[in-house]
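Read the structure below first, then the notes.
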Amino acid sequence: MGFTVESLREAMKYMVESQGFDRVLRKMKLLSATPGKIVCEMKVEEEHTNRGGTLHGGLTATLVDVVSTTALLYTERAMPGVSVDMNITYTSAAKIGEEILITAQILKQGRNIAFATVDLTNKATGKLIAQGRHTKYIGN
């Protein structure tokens with residue numbers, strides 16, 4: 026394994042403390058990591074919402090991207106890859122004050138391509154908020 030859970034936390038901290046776009050996730054916390062599976066949590070705050078006061082779809086897409094990439098880092102190959110395709114199905118809203126779980130699972134890593142799924146759920150109710158699928162080129 027290329028990363029320990031602690032080094033994975035440090036990598037995520039480095040990413041969200043940057044001046045780049047990923048800083049929007051600075052309030053996300055890593056809860057658990059097993060090879061190819063990552064679980065994070067985040068409380069929806071005003072800065073995370075759209076004009077309707079619910080979790081912004083663009084932020085949802087960022088969560089799918091970043092958490093699935095983190096799950097790829099926590100595999101034997103430890104390669105983040107580059108996005109080839111990503112799609113998201115939005116099934117319900119998350120409101121300000123609600124805590125969400127973001128669970129990424131690597132479905133398959135081939136020689137060049139990796140496939141991941143990410144579920145965003147309401148922590149209190151378990152209700153599915155969104156489901157993302159992410160395909161990444163990981164090369165050799």
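Those letters in the sequence shown? Residues 26 to 165, by the working numbering.
Virtual Cβ for every residue (Gly too), placed ideally from N, Cα, C.
Looking at the backbone, the Cα of residue 75 and that of residue 118 are separated by about 11 angstroms. The three-state secondary structure of residue 117, taken from DSSP, is coil. Taking all protein chains shown into account, residue 144 has 16 or more neighbouring C-beta atoms within 10 Å of its C-beta and is therefore buried. Shown here, residue 28 sits in coil according to DSSP, grouped into three states, outside any helix or strand. Assignment of residue 69 by DSSP, reduced to helix, strand and coil, places it in the coil class. Under the three-state reduction of DSSP, residue 129 is assigned to strand.
For residue 72, the closest of 149, 61, 53, 62 by C-alpha to C-alpha distance is 53. Taking C-alpha positions only, residue 58 is separated from residue 38 by approximately 15 angstroms. Residue 97 is a Cβ neighbour of residue 139, given a cutoff of 7 angstroms. Per the C-alpha coordinates, the member of 103, 95, 90, 116 positioned closest to residue 109 is 90. Look at residue 100 here: in three-state DSSP terms it is coil, with no helix or strand label.
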